[in-house]
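For the record, in the sequence shown the residue sitting at position 60 is 179 according to our numbering, with numbers rising by one throughout.
Yeah, the Cβ is synthetic: ideal placement off N, Cα and C, and Gly gets one too.
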Amino acid sequence: NYAWSLIEEECELIKKDVKAGKKSPLAYHIHKNVMTPEILASYSGFTKREIKRWCKPKHFIKLDNEKLGIIARVLKMDLEQLVSVD
120 NYAWSLIEEE CELIKKDVKA GKKSPLAYHI HKNVMTPEIL ASYSGFTKRE
170 IKRWCKPKHF IKLDNEKLGI IARVLKMDLE QLVSVD
């Protein structure tokens, strides 16, 4: 239980960073799904560098729907969920 509560606390901090424009929603969803950029990269076919880059808002907003769709499928969510933290 302690580990899950710690993950939830970290998710809340990341959510604040997303709302402040410091991180992208992808960073939040990676952490919420107890993943790392490396794990997401291996499941999605993208490189670790691309995933880390997309955790920054200025790069995330440039993603096309095809790439977002691939990431959303891996994270088992729809596009609307992927681009928000609510």
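Measuring only the C-alpha atoms, how far is residue i from residue j?
{"i": "glycine 140", "j": "asparagine 120", "result": "30 Å"}
{"i": "cysteine 174", "j": "tryptophan 123", "result": "22 Å"}
{"i": "leucine 125", "j": "leucine 194", "result": "21 Å"}
What did DSSP end up calling residue i once you bin it into helix, strand or coil?
{"i": "valine 193", "result": "helix"}
{"i": "asparagine 184", "result": "helix"}
{"i": "phenylalanine 179", "result": "helix"}
{"i": "valine 204", "result": "coil"}
Any heavy atom of the ligand PLP within a distance shorter than 7 Å of the CB on residue i?
{"i": "serine 203", "result": "For the structure depicted, the ligand PLP is absent and the ligand set is empty, with no information on it obtainable."}
Please go through the same chain and pick out, in chain order, the residues whose beta-carbon is closer than 7 Å to the beta-carbon of residue i, but skip the five residues on each side of it.
{"i": "valine 154", "result": "Before going on, a small fix: residue 154 reads as methionine here, not valine. No residues qualify anywhere along the chain."}
Residues in the same chain with beta-carbon distance under 8 Å from residue i, minus the five sequence neighbours each way, listed in chain order, please.
{"i": "alanine 160", "result": "Thr166, Lys167, Glu169, Ile170"}
Leaving out the 5 sequence neighbours to the left and right, which residues in its chain are closer than 6 Å to residue i when beta-carbon positions are compared?
{"i": "histidine 178", "result": "Arg172"}
So, are the CB atoms of residue i and residue j less than 8 Å apart?
{"i": "valine 202", "j": "proline 144", "result": "yes"}
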